[in-house]
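Q:
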Amino acid sequence: MKASELSEYITAVRDGSIDLRGYQERLMKKLHDQNSRLELFSKLYEKPGGKNAGTLAALPFSVKDNICVKDFLTRAGSKILIGYRPPFNATVVERMREAGAAFIGTTNMDEFGFGTFSTNCAFGTPRNPFDDSRSCGGSSGGAAGSTAILKHHVALGESTGGSISCPAAFCGVIGLTPTYGRVSRYGLIDYANSLDKIGIMARAIDDISLVLPVIAGRDRKDPTSMVQPPLSLDGKKIKRIAVPEELSREVSDERIISMFWKSIDRIGDEGIEVEKIKMPILEFSIPAYYILASAEASTNLAKFSGMRYGKEGSHFENMYNTFFTEVRTEAFGVEAKRRIMLGTFARMVGYRDKYYMKALMVRRKIVEEFERVFRDFDLVASPTMPLLPPEFEKIEEMSPASIYALDFLTVPPNLAGLPHISMPMGYIDDLPAGIHFIAPHWEEGRLITIGRVWEQEMEYRFPMSLEGLN
Ligand code: GLN
Numbered sequence: 104m105k106a107s108e109l110s111e112y113i114t115a116v117r118d119g120s121i122d123l124r125g126y127q128e129r130l131m132k133k134l135h136d137q138n139s140r141l142e143l144f145s146k147l148y149e150k151p152g153g154k155n156a157g158t159l160a161a162l163p164f165s166v167k168d169n170i171c172v173k174d175f176l177t178r179a180g181s182k183i184l185i186g187y188r189p190p191f192n193a194t195v196v197e198r199m200r201e202a203g204a205a206f207i208g209t210t211n212m213d214e215f216g217f218g219t220f221s222t223n224c225a226f227g228t229p230r231n232p233f234d235d236s237r238s239c240g241g242s243s244g245g246a247a248g249s250t251a252i253l254k255h256h257v258a259l260g261e262s263t264g265g266s267i268s269c270p271a272a273f274c275g276v277i278g279l280t281p282t283y284g285r286v287s288r289y290g291l292i293d294y295a296n297s298l299d300k301i302g303i304m305a306r307a308i309d310d311i312s313l314v315l316p317v318i319a320g321r322d323r324k325d326p327t328s329m330v331q332p333p334l335s336l337d338g339k340k341i342k343r344i345a346v347p348e349e350l351s352r353e354v355s356d357e358r359i360i361s362m363f364w365k366s367i368d369r370i371g372d373e374g375i376e377v378e379k380i381k382m383p384i385l386e387f388s389i390p391a392y393y394i395l396a397s398a399e400a401s402t403n404l405a406k407f408s409g410m411r412y413g414k415e416g417s418h419f420e421n422m423y424n425t426f427f428t429e430v431r432t433e434a435f436g437v438e439a440k441r442r443i444m445l446g447t448f449a450r451m452v453g454y455r456d457k458y459y460m461k462a463l464m465v466r467r468k469i470v471e472e473f474e475r476v477f478r479d480f481d482l483v484a485s486p487t488m489p490l491l492p493p494e495f496e497k498i499e500e501m502s503p504a505s506i507y508a509l510d511f512l513t514v515p516p517n518l519a520g521l522p523h524i525s526m527p528m529g530y531i532d533d534l535p536a537g538i539h540f541i542a543p544h545w546e547e548g549r550l551i552t553i554g555r556v557w558e559q560e561m562e563y564r565f566p567m568s569l570e571g572l573n
């Protein structure tokens, strides 16, 4: 059981019992020192500010490096955006600041979100605070790692195919990915528009329920947010949970799967019925996801050409070939280039029907399959990741396709736009593992409810709390 420490902090800020300037100075200094070792932040903001009133009074918050902060370097982990300072704030940043929160910096990520281990980042590789020879997960690796070392803080992350859940599991924190369209994407540097969702990482379920209403809701600047039912955090009582065999069967680490079944038994002890089910279509989610995500990514990246944003080209003769080619060759990383090629191929005339259209059909079927399951069940559960945070050395030996395959637990709810949450499930060899819950569209409240149930069972461990208050 972990009581929210944020509320205490916020109350202390409001009634003036914290010397805010001094506190922030000490915090930023400690963060600087830690960052040279852990590389969680892409850039720290020296003067967080914030207000001493509001729902989130002076609460330190970080954003993933693909969420625009006005006049502050925002580079989506890519060299092609070196020097880019957005002329506006993302809606989520605007809303956090209006609620009083204090921005402390941007967090390191895989270039444009392309990755599972945050090893494809141009501005440092975030290291897991539980063991710095291991990955934080990805692509919101810095966001999860910073949450693991800071007691009074929340991170805004972003998920396309699992980039909130995966790092949350690897760093032993909570990661909530809301329904697609629940939180405005205005000011988010797109990876794949039909999949991208901004979400929250925090250390306690109460912190998630404190921050979600601040960032959620309609925003005229993002049409996909305009049709949504009101957010209710009182999810109905959870009675039945489904565990798809396809999701549990392929977890190769026996320790994770046995911890998962023990956790499920404990949930059963709370009077919740758990049943194994079959969802065969999920076997196709990885190929469908990588085709769709890459197809969208390849068109999104076309605008980075050395002219409008960030890095500028220098080769002005023969403009249309040499200029663009030079900048893109030099500034995009290997994984970004791979995605551009894969995505361009999948939507070419002649291949479009065979790949892109087929992937869209699979996606539709996955949505229908979840809808069918949710007629009988309140939630779907699985482990979050099939492995513990791997060592960087091991990652170097993995092929791109084998890395993609590791996303099979987190991709299905992302493809279907369903809200999901990863909670710390336990510790194996002193490394955290995560448990994953998926809810029907717009039912974030059910995730909060199950989060509370689960939190009763759990004693979280954090590698450190930089504030030095415990
Ligand atoms: N690992 C997945 C990918 O590389 C998911 C990343 C994400 O959600 N941004 O696409």
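Start counting the sequence shown at 104; every next residue gets the next number (this note's numbering).
Idealized CB from N, CA, C, for every residue including glycine.
Cβ of I538 within 8 Å of Cβ of A504?
A: Here residue 538 refers to the residue found at position 435 when the sequence shown is read from its first residue. Here residue 504 refers to the residue found at position 401 when the sequence shown is read from its first residue. No, Cβ-Cβ distance for I538 and A504 is not below 8 Å.
Q: Does DSSP put K365 in a helix, a strand or coil?
A: Position 262 of the sequence shown, counted from the first residue, corresponds to residue 365. Three-state result, K365: helix.
Q: Between the Cα of S200 and the Cα atoms of R188, E494, A160, T177, which residue gives the shortest distance?
A: Residue 200 sits at position 97 when you count from the first residue of the sequence shown. Here residue 200 is Arg; the residue named in the question, Ser, does not match the sequence. When only C-alpha atoms are compared, the closest one is A160.
Q: Span of the beta strand (DSSP E) holding S165?
A: For the purposes of this step, residue 165 is taken as the residue at position 62 of the sequence shown. Start and end: 163-167.
Q: Just to check, is the beta-carbon of S266 closer than 7 Å to a non-hydrogen atom of ligand 1?
A: Taking the first residue of the sequence shown as 1, we reach residue 266 at position 163. Yes; taking the cut-off as 7 Å, the Cβ of S266 has a heavy atom of ligand 1 nearer than that.
Q: Can you tell me where the beta strand (DSSP E) holding G260 begins and where it ends?
A: Within the sequence shown, numbered from 1, the residue matching residue 260 stands at position 157. It spans 257-262 - the beta strand (DSSP E) in which G260 sits, taken as one unbroken run.
Q: CB R188 to CB F226, shorter than 8 Å?
A: Locating residue 188 in the sequence shown gives position 85, counting from the first residue. Locating residue 226 in the sequence shown gives position 123, counting from the first residue. No.
Q: Taking 8 Å as the threshold (C-beta atoms), are T250 and A305 in contact?
A: On the sequence shown, position 202 is the one that residue 305 refers to. On the sequence shown, position 147 is the one that residue 250 refers to. Yes.
Q: Leaving out five residues before and five after T487 in sequence, what residues of the same chain have Cβ atoms less than 8 Å from its Cβ?
A: Numbered from 1 along the sequence shown, position 384 holds the residue referred to as residue 487. Excluding sequence neighbours, T487 sits near S268, C269, A271, A272, L512, T513, S525, M528, A536, G537, I538, H539.
Q: Identify whether F480 lies in helix, strand or coil by the three-state DSSP scheme.
A: In the sequence shown, residue 480 corresponds to position 377, counting from 1. Coil at F480, not helix or strand.
Q: So, helix, strand or coil for T209, using DSSP?
A: Position 106 of the sequence shown holds residue 209. If DSSP states are grouped into helix, strand and coil, T209 belongs with the strands.
Q: Is F217 near ligand 1, in the sense that its beta carbon is under 7 Å from a heavy atom of that ligand?
A: Counting from 1 along the sequence shown, the entry for residue 217 is found at position 114. Checking the Cβ of F217 against ligand 1 gives yes.
Q: Do I469 and L395 come within 8 Å of each other at the CB atom, strictly closer than that value?
A: Locating residue 395 in the sequence shown gives position 292, counting from the first residue. Locating residue 469 in the sequence shown gives position 366, counting from the first residue. No, the pair does not count as a contact, with Cβ atoms beyond the cut-off.
Q: Among the residues of its own chain, which have a CB less than 7 Å from the CB of F387, if the five just before and after it don't count?
A: Along the sequence shown, one-based indexing puts residue 387 at 284. The answer, listed in chain order, is V465.
Q: Do T210 and S145 have their beta-carbon atoms positioned less than 8 Å apart in this structure?
A: Taking the sequence shown and counting its residues from 1, the one referred to as residue 145 is at position 42. Taking the sequence shown and counting its residues from 1, the one referred to as residue 210 is at position 107. Yes, the Cβ-Cβ distance between S145 and T210 is below 8 Å.
Q: According to the Cβ coordinates, are G119 and T282 closer than 8 Å?
A: By 1-based counting over the sequence shown, the position of residue 119 is 16. By 1-based counting over the sequence shown, the position of residue 282 is 179. No, these two residues do not count as a Cβ contact at 8 Å.
Q: Between which two residues does the alpha helix (DSSP H) containing M526 stretch?
A: Within the sequence shown, residue 526 is the residue found at index 423, counting from 1. M526 -> not in any alpha helix (DSSP H); beta strand (DSSP E) instead, spanning 523-531.
Q: In terms of alpha-carbon separation, which member of G571, E547, W557, L569 lies closest to S335?
A: For the purposes of this step, residue 335 is taken as residue 232 along the sequence shown, with counting starting at 1. Ranking G571, E547, W557, L569 by Cα distance to S335 puts E547 first.
Q: Please name the residue or residues paired with T280 in a DSSP beta bridge.
A: Reading the sequence shown from its first residue, position 177 is the one you call residue 280. Answer is H523, bridged to T280.
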